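>
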Amino acid sequence: MNEALSSIAMSLGWIGAVLYLVAYFLVSVGKLAADSLRYQAMCVSSGAMLIVMQAVTGAWPSVFSNIVFVGIGMSVVLGPKKRPYLKQLLFRKGTRTTPTVPVAPNAQISFSEAAKPVSA
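Each position in the sequence shown, counted from 1, maps to that position plus 35 in this note's numbering.
#1: Among residues of its own chain, excluding the 5 on either side of V62, which ones have a beta-carbon nearer than 8 Å to its beta-carbon?
#2: F104: buried (16+ other C-beta within 10 angstroms of its C-beta) or exposed?
#3: Less than 9 Å between the beta carbons of L47 and V87, yes or no?
#4: How many Å lie between Q89 and V98 at the Cα?
#5: I want to see whether chain B comes within less than 9 Å of M88, judged by CB atoms only; does it?
#6: Rounded C-beta distance between V81 and Y55? I'm assuming under 8 Å.
#7: With DSSP collapsed to three states, give me the class of V64.
#8: State buried or exposed for V79, treating a residue as buried only when at least 16 other CB atoms are found within 10 Å of its CB.
As structure tokens, this is what we get:
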């Protein structure tokens, strides 16, 4: 196999392993819930990265177990319990507006450091 592809696969494997351990740590200390979308996304993406590395190295039992691992994570993320949440999340992100600050019509705005407030 090409040395560059092998290096990329190994790098993905290490990133996936670290991501999986970080996710497990965050659940263990109570920073993430085990059924949260963020935790599931971390697990699914880390499993996918590990699959690439394990397939390149020929670790087929690990490839199989991680395919099952990713499948379980995807079923949780796309399952009936999370589907309404995902729809709501996507809708909110699609309709997000930039916050504005109301300014009085006669306001005097200065961007210099020496600007002093105008007394009314």
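Where is the CB? At the ideal position from N, CA and C, for every residue including glycine. All figures in this text were calculated on a predicted structure; none of them were measured in a lab.
According to the structure data:
#1: Excluding residues within five positions, the ones whose Cβ falls inside 8 Å are A68, A69 and Y74.
#2: Flag for F104 reads buried.
#3: Contact flag set, yes.
#4: Cα to Cα, the separation comes out at about 6 Å.
#5: In the structure shown, chain B cannot be found, because there is only a single protein chain.
#6: In the sequence as presented, Val is not what sits at residue 81; that position holds Ser. 4 Å between Cβ atoms; contact.
#7: DSSP places V64 in coil when its eight states are reduced to three.
#8: Note on V79: 16 or more other CB atoms within 10 angstroms of its CB, so buried under the neighbour-count rule.
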